[in-house]
Amino acid sequence: MKNLFLLVAVFSLAFCSCDDANEEDESVLPYEFYLENNNCFGRFFYENPISGELEYELYCNKNQVQKLTVSEDSVWVKSEFAKSSFSQEEFFKSYGDPVEVSKVDHSNLHFAIDTLAAMNDSVGHVETSEMHRIKLQIENGMDTIYAKVFKCNRLVLFDSSNINVYVPKGYPELFFIDGVSPCLVLEMEYYDEQGDFAGWERFSADIKAFSSGK
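Numbering of the sequence shown is given in the numbering used here, commencing with residue 3 and proceeding in unit increments.
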């Protein structure tokens, strides 16, 4: 009888494991993904504990980051000024089926950062000495996949580990660059549990961009 009880318990655990796996498989979007039709990169951000809705960050070429919310039967895409609602079928028809992405090994990447001299601004005035012009370039092998000049009032110590490069499956020449720039945009004090000053929280400007030519 004892052996029978153990056998039933084993089968119960097996069925539970299968159910859990099926629940994970039911997610309509991978953790990170690419949508070809609108040239978008997305990443899981948050699960609403009350509604169960899944929220993603969505970056579509040359647009600001949008919020993508997925429920059991609907999808919402929300930007700063607009909100669009779709059925899941309508969303994938408009944006394309999700393609999984992989992270490029940092050992294959080369990061170069240079300080540039001041120059005239858009109205012909020489930039102030407080304005830093920093050029960041990222190479994958022999190819330059990202190059941009940042104008920063304040700088942070550059750390290439804070920048990741992703490539969609089946698109070996398309890269998405995601990370933080050398520009400091916000600096805040933070305090410990006793209310004593514990240091500074520093926030850099985001880098979200597709490789040149896309």
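Every residue, glycine too, gets a C-beta built ideally from N, C-alpha and C. Bear in mind the structure is a predicted one, so any value in this text is a computation, not a measurement.
Are at least three pairs of beta-carbons, each pair with one atom in the stretch 79-89 and one in the stretch 101-110, less than 8 Å apart? no
Under 8 Å between C-beta atoms of Arg45 and Tyr36: As a first step, residue 45 must be located in the sequence shown, where it is residue number 43. As a first step, residue 36 must be located in the sequence shown, where it is residue number 34. Cβ distance not < 8 Å, so Arg45 and Tyr36 don't count as in contact.
Could you check whether the Cβ of Thr146 sits closer than 8 Å to any Cβ belonging to chain B? The structure shown contains no chain B, having only a single protein chain.
Spatial neighbours of Tyr33 within its chain, please: C-beta separation below 8 Å, excluding the five flanking residues on both sides. The count along the sequence shown starts at 1 and reaches residue 33 at position 31. So the list reads Arg45 and Phe46, once near-sequence residues are dropped.
Put Lys171 into one of helix, strand or coil per three-state DSSP. Here residue 171 refers to the residue found at position 169 when the sequence shown is read from its first residue. If DSSP states are grouped into helix, strand and coil, Lys171 belongs with coil.
Could you tell me which residues DSSP pairs with Lys150 in its beta bridges? Mapped onto the sequence shown, residue 150 falls at position 148. According to DSSP, which records beta bridges pairwise, Lys150 is partnered with Leu138.
Measure from the alpha carbon of His108 to the alpha carbon of each residue in Ser183, Glu195, Pro184 and Ser163, then state which is nearest. Residue numbering aside, residue 108 sits at position 106 when the sequence shown is read from its first letter. The shortest C-alpha separation from His108 is found at Ser163.
With Ala207 and Cys185 assumed to form a contact (beta carbons below 8 Å), what rounded beta-carbon distance in angstroms separates them? By one-based count along the sequence shown, residue 207 stands at place 205. By one-based count along the sequence shown, residue 185 stands at place 183. Indeed, because the Cβ distance is near 5 Å, the residues count as touching under 8 Å.
With distance defined between alpha-carbon atoms, name the residue in Asp198, Lys69 and Lys95 nearest to Lys85. Start at 1 with the first residue of the sequence shown, and residue 85 comes out as number 83. Nearest of Asp198, Lys69 and Lys95 to Lys85, Cα basis: Lys69.
Within this structure, are the beta carbons of Val72 and Val30 separated by less than 8 Å? Indexing the sequence shown from 1 puts residue 72 at position 70. Indexing the sequence shown from 1 puts residue 30 at position 28. Yes.
Is it the case that the Cβ atoms of Ile140 and Val182 are separated by a distance below 8 Å? Translated into the one-based positions of the sequence shown, residue 140 becomes position 138. Translated into the one-based positions of the sequence shown, residue 182 becomes position 180. It is not a contact, given that the beta carbons lie outside the stated cut-off.
Could you give the residue range of the beta strand (DSSP E) that holds Lys95? Against the sequence shown, residue 95 aligns to sequence position 93. Element bounds for Lys95: not the beta strand (DSSP E) but the alpha helix (DSSP H), Gln90 to Tyr97.
Answer with buried or exposed for Phe177, where buried requires no fewer than 16 other C-beta atoms within 10 angstroms of its C-beta. Mapped onto the sequence shown, residue 177 falls at position 175. By the 10 Å Cβ count, Phe177 comes out buried.
Which class does Ser213 belong to by DSSP, given the choice of helix, strand or coil? Counting from 1 along the sequence shown, the entry for residue 213 is found at position 211. In this structure, DSSP gives Ser213 a state outside helix and strand, which the three-state scheme calls coil.
Determine the direct distance from the alpha carbon of Asp161 to that of Asp198, and round the result to whole angstroms. Taking the first residue of the sequence shown as 1, we reach residue 198 at position 196. Taking the first residue of the sequence shown as 1, we reach residue 161 at position 159. Linking Asp198 to Asp161 through their CA atoms gives a straight-line distance of about 29 Å.
Apart from the five residues on each side of it in sequence, which residues of its chain come closer than 8 Å, Cβ to Cβ, to Met133? Here residue 133 corresponds to residue number 131 of the sequence shown, with the count starting at 1. Ala120, Lys153, Cys154 and Asn155.
Own chain residues within Cβ distance below 6 Å of Ala114, not counting five before or after: Locating residue 114 in the sequence shown gives position 112, counting from the first residue. Excluding positions up to five away in sequence, the list reads Gln139.
If you draw a straight line from the alpha carbon of Phe94 to that of Leu159, how long is it in whole angstroms? In the sequence shown, the residue the question calls residue 94 occupies position 92. In the sequence shown, the residue the question calls residue 159 occupies position 157. The alpha-carbon atoms of Phe94 and Leu159 are separated by roughly 41 Å.
Output the distance between the C-alpha atoms of Gly172 and Gly54, rounded to the nearest integer angstrom. Against the sequence shown, residue 172 aligns to sequence position 170. Against the sequence shown, residue 54 aligns to sequence position 52. Approximately 32 Å between the Cα atoms of the pair.
Using 10 angstroms around the beta-carbon of Val217, count the other beta-carbons present and answer buried if the total reaches 16, otherwise exposed. Only positions 3 to 216 of the chain appear in this structure, which leaves residue 217 out of reach.
Excluding sequence positions up to five away, which residues of its chain have a Cβ less than 7 Å from the Cβ of Tyr48? Translated into the one-based positions of the sequence shown, residue 48 becomes position 46. The residues are Glu57.
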